[in-house]
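S.K.: For what it's worth, full-length UniProt numbering labels the leading residue of the sequence shown as 1, then goes sequentially.
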Amino acid sequence: MSIPKMLSAGGGPAPRHRSVDIVDLGEPLKQDVVQVVLLPGLSKPRRNRLSKAKNLSEKELEVLRWARAGKTVWEISVIRNVSEATVKFHLRNIYHKLGVSNRAHAVGEAVNRGLV
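#1: Can you tell me whether GLY108 is helix, strand or coil according to DSSP?
#2: Just mark ALA67 as buried or exposed, buried being the case when its beta carbon has 16 or more other beta carbons within 10 Å.
#3: Distance, Cα to Cα, VAL63 vs GLY99?
#4: In angstroms, rounded to a whole number, what distance separates the CA positions of residue 121 and ARG113?
#5: Output the boundary residues of the alpha helix (DSSP H) element that contains LYS97.
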C-alpha cells in the first residue's frame, strides 16, 4: 500500500499533531525516545565545545575572571602587566574554545560550566 493510501485509509484527515506523554511509553520505547529525540540535542559539535572548555589555560582563566568582574581590556592589561593585544589574544582564544562570539556570552558560558 502506498503512503498516500495509508494516510487516507483512516477516512478523515489525519491529525497534524498528537502529544505523547513519555511516562505512558514502555521502558524500551522510552530508551528509544531518549536515543532518537533527546540525545541528538547534544550534537557532536556541542560535546566538542564542552570538552574544549576544559582546555582553557591558566592565563585565559585569569582573563576570564577579570572579564567577569567587569574589567576592560585596558584594565586587564594593566593588572596582568601585559599589552592590550595580549589580552585580546587570550579573549579570542576563550571565545573559540567556548564556542561564543563575545565577552558577555563567554562569561555566561564560563559561569554555566563552572569555570569561573
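Backbone N, C-alpha and C define an ideal beta-carbon position, used for all residues, glycine too.
M.R.: Reading off the structure:
#1: helix
#2: buried
#3: 17 Å
#4: For residue 121 there is no data in the structure shown, the boundaries of the chain being 1 and 116.
#5: 84-98
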